[in-house]
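Here the sequence shown is numbered in the numbering used here, starting from 3 and rising by one per residue.
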Amino acid sequence: MYALTFLERVIKKRCVKVAAKAIVIICIVVMLMLTQSNYPQFQQADSSTISILLWNPIFGQDKIPSLATECAELTCFLTLDRSFYETSAAVVFHMPDLNNYTLERLPNQHFVFFSLESPINTKLPNMEVSPFTLTVTYQPDSDIAVPYAEMLPRQEPMSSHEYEATLHSLRSAFKEKRFKVAWFASSCNPESRRGDYIQELTKHIDVHIYGRCGRRNCSRRNGNVCDQLIRRDYKFTLAFENSVCNYYTTEKPYTALQNLVIPVVLNRKIAESTLPSGSFIAADDFKSPRQLANYLTHLSENVDDYLKYFKWLKLFHKPRMTSMATAFCKLCAFLEAQSPSSKVTPSETARNALQWYTEERQCYPRYAYHLLRMDRRFYLKMNDFIRAFWNFIS
3 MYALTFLERV
13 IKKRCVKVAA
23 KAIVIICIVV
33 MLMLTQSNYP
43 QFQQADSSTI
53 SILLWNPIFG
63 QDKIPSLATE
73 CAELTCFLTL
83 DRSFYETSAA
93 VVFHMPDLNN
103 YTLERLPNQH
113 FVFFSLESPI
123 NTKLPNMEVS
133 PFTLTVTYQP
143 DSDIAVPYAE
153 MLPRQEPMSS
163 HEYEATLHSL
173 RSAFKEKRFK
183 VAWFASSCNP
193 ESRRGDYIQE
203 LTKHIDVHIY
213 GRCGRRNCSR
223 RNGNVCDQLI
233 RRDYKFTLAF
243 ENSVCNYYTT
253 EKPYTALQNL
263 VIPVVLNRKI
273 AESTLPSGSF
283 IAADDFKSPR
293 QLANYLTHLS
303 ENVDDYLKYF
313 KWLKLFHKPR
323 MTSMATAFCK
333 LCAFLEAQSP
343 SSKVTPSETA
353 RNALQWYTEE
363 RQCYPRYAYH
373 LLRMDRRFYL
383 KMNDFIRAFW
393 NFIS
């Protein structure tokens with residue numbers, strides 16, 4: 003009797019284990035079937051959906067920008083799956099990551115030259131003939147222009163009463179700020195040689211350096227925390243780009259304006275083409291980092307002079323930041339306006355895209371380094387003058 007009971011227990015345990023395994027296997031199979039059935043529906047959708055193929059991952063990341071938050075009303079989907087090549091209305095090539103390609107464009111298909119990086123930081127492959135039909139870059143003369151942020155003008159200038167209230171708020175915030183200058187960077191001394199200039203600047207004014215180049219931390223993942231830090235504690239941020247090229251203005255100065263802080267840029271001419279007049283300070287307006295430091299110190303101690311840099315608020319809203327998704331929303335809107343069966347003709351900028359993006363894009367190599375050289379030449383000339391004058395009187 004006991005042996006039979008024991009045997010029954012063993013059989014029951016085994017049956018339970020087998021049943022449990024069977025249930026798990028069935029669940030896995032069902033999940034796989036659901037995944038396989040749903041995924042193609044999302045990818046292929048209906049015949050009105052416009053396919054956009056990313057030929058190469060953006061900065062090596064297999065992550066597709068989400069269009070849901072910015073342009074959910076549009077009928078496009080993005081994919082990295084190259085099996086969609088023949089049915090895609092556009093094939094997008096992220097130029098900073100493109101080494102080579104062996105594709106033949108379909109007659110009704112766009113090949114998109116896409117880059118939000120400067121020409122100096124974009125290594126282009128050798129191509130005898132441009133295969134592209136559209137350009138999508140930060141340049142204003144691109145077929146689809148995608149600046150890092152947009153300065154939206156007010157429909158009507160801010161009223162005097164509203165502006166006075168804004169100044170009162172800024173004045174109160176100014177009194178609470180504990181520090182002068184902050185610099186947030188992940189690359190310390192890139193092509194523009196900004197690190198050399200900042201190293202000299204720190205000899206004359208205290209600069210709090212965040213990221214890989216300093217001892218302070220504020221991760222990009224905690225964007226809101228960093229914004230609060232800038233807004234609460236600092237009067238200026240150094241918005242020095244990694245390369246100095248026409249119209250190449252990244253999120254750096256816009257983030258400062260968004261947080262009601264004065265950005266310091268390297269090149270006035272470039273900043274004037276993208277930022278509101280009188281909203282920034284340009285390093286190349288000063289003969290030396292010392293002179294710039296003295297001016298920043300003056301402003302940090304004189305609130306009325308400091309507040310003059312916020313007159314732009316009368317005419318503009320705060321910057322509206324764009325994203326990678328913005329570029330693809332604009333591309334999608336462009337494609338929706340086209341006839342899907344019409345033959346595609348390359349645009350003027352795309353026809354000679356490589357030359358247009360490099361040779362015709364005026365850049366200023368090692369710009370900050372040349373500012374320092376000008377400073378040194380000034381001191382050398384002064385030393386020569388003093389030496390000559392001393393020899394004359396003696």
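Idealized CB from N, CA, C, for every residue including glycine.
Quiz item: According to the Cβ coordinates, are Leu317 and Met129 closer than 9 Å?
Solution: Counting from one through the sequence shown, the residue named residue 317 turns up at place 315. Counting from one through the sequence shown, the residue named residue 129 turns up at place 127. No, these two residues do not count as a Cβ contact at 9 Å.
Quiz item: With respect to the alpha helix (DSSP H) encompassing Cys334, which residues constitute its N-terminal and C-terminal limits?
Solution: Start at 1 with the first residue of the sequence shown, and residue 334 comes out as number 332. Per DSSP, Cys334 belongs to the alpha helix (DSSP H) from Met326 to Glu338.
Practice problem: Quick one: give me the first and last residue of the beta strand (DSSP E) that Tyr212 is part of. | Solution: Position 210 of the sequence shown, counting from 1, holds the residue named residue 212. Tyr212 -> beta strand (DSSP E) spans Val209 to Gly213.
Quiz prompt | Whether Glu408 touches Thr328 by CB criterion (9 Å) | solution = Look at the range of the chain in this structure, 3 to 396, and you will see that residue 408 is not part of it.
Practice problem: Could you say if the stretch 352-363 and the stretch 221-232 meet the contact criterion of at least three C-beta pairs nearer than 8 Å? | Solution: Short answer: they don't touch.
Quiz item: Expressed to the nearest angstrom, what Euclidean distance is found between the alpha-carbon atoms of Phe113 and Glu106?
Solution: Taking the sequence shown and counting its residues from 1, the one referred to as residue 113 is at position 111. Taking the sequence shown and counting its residues from 1, the one referred to as residue 106 is at position 104. Taking the straight line joining both Cα atoms gives about 10 Å.
Exercise. State the DSSP-derived secondary structure class of Cys397, mapped to helix, strand or coil.
Key: Beyond the ends of the chain as shown, which are 3 and 396, falls residue 397; an answer cannot be given.
Exercise. Under the assumption that Ser275 contacts Ile122 (Cβ atoms under 8 Å), give the Cβ distance between them as a whole number of angstroms.
Key: The residue you call residue 275 lines up with position 273 of the sequence shown. The residue you call residue 122 lines up with position 120 of the sequence shown. Between Ile122 and Ser275 the Cβ distance is about 17 Å, and since that is not below 8 Å, they are no contact.
Quiz prompt | Beta-carbon proximity check, Thr251 vs Tyr140, cutoff 9 Å | solution = Position 249 of the sequence shown, counted from the start, is the residue given in the question as residue 251. Position 138 of the sequence shown, counted from the start, is the residue given in the question as residue 140. Yes, these two residues count as a Cβ contact at 9 Å.
Exercise. Go to Val305, then tell me how far its alpha helix (DSSP H) extends in each direction, as first and last residue.
Key: Within the sequence shown, residue 305 is the residue found at index 303, counting from 1. First-last of the alpha helix (DSSP H) with Val305: Val305 to Leu309.
Self-check item: Three-state class that DSSP yields for Glu164 in the structure shown
Solution: Taking the first residue of the sequence shown as position 1, residue 164 is located at position 162. Reduced to three states, the DSSP call for Glu164 is helix.
Quiz item: Is the stretch 282-296 touching the stretch 197-210, taking contact as three or more C-beta pairs under 8 Å?
Solution: Cβ pair count under 8 Å is three or more, so yes.
Quiz prompt | Status (buried if at least 16 other CB within 10 Å, exposed otherwise) for Ser85 | solution = Mapped onto the sequence shown, residue 85 falls at position 83. Counting Cβ neighbours within 10 Å, Ser85 comes out exposed, since fewer than 16 surround it.
Self-check item: Met323 versus Leu231 - alpha carbon distance
Solution: Counting from one through the sequence shown, the residue named residue 323 turns up at place 321. Counting from one through the sequence shown, the residue named residue 231 turns up at place 229. Each residue's alpha carbon lies about 19 Å from the other.
Quiz item: For Leu154 versus Ile146, is the C-beta distance shorter than 9 Å?
Solution: Your numbering for residue 154 matches position 152 in the sequence shown. Your numbering for residue 146 matches position 144 in the sequence shown. No; because the gap between Cβ atoms is not below 9 Å, this pair is not in contact.
Quiz prompt | Inter-stretch contact at 8 Å, needing at least 3 Cβ pairs: the stretch 295-310 / the stretch 336-349 | solution = no
Self-check item: Euclidean distance between Cα positions of Leu80 and Ser343
Solution: As a first step, residue 80 is located in the sequence shown; it is residue number 78 there, counting from the start. As a first step, residue 343 is located in the sequence shown; it is residue number 341 there, counting from the start. So the two alpha carbons sit approximately 20 Å from each other.
Self-check item: Asn101 to Leu56 span [Cα, whole Å]
Solution: Along the sequence shown, read from residue 1 onward, the residue named residue 101 stands at position 99. Along the sequence shown, read from residue 1 onward, the residue named residue 56 stands at position 54. Whole-angstrom Cα-Cα distance: 14 Å.
Quiz prompt | Pairwise C-alpha distance: Phe186 and Arg217 | solution = Position 215 of the sequence shown, counted from the first residue, corresponds to residue 217. Position 184 of the sequence shown, counted from the first residue, corresponds to residue 186. The C-alpha of Phe186 is placed about 11 Å away from the C-alpha of Arg217.
Quiz item: Does DSSP classify Ser85 as helix, strand or coil?
Solution: Working through the sequence shown from its first residue, we reach residue 85 at position 83. DSSP places Ser85 in helix when its eight states are reduced to three.
Quiz item: Would the beta-carbon of Tyr359 fall within 9 Å of that of Ser117?
Solution: As a first step, residue 359 must be located in the sequence shown, where it is residue number 357. As a first step, residue 117 must be located in the sequence shown, where it is residue number 115. A contact, by the Cβ cut-off of 9 Å.
Exercise. Could you name the residues of the same chain whose beta carbon sits closer than 8 Å to that of Asp229, not counting the 5 residues immediately before and after it, in chain order?
Key: Taking the first residue of the sequence shown as position 1, residue 229 is located at position 227. So the list reads Thr257, Gln260 and Asn261, once near-sequence residues are dropped.
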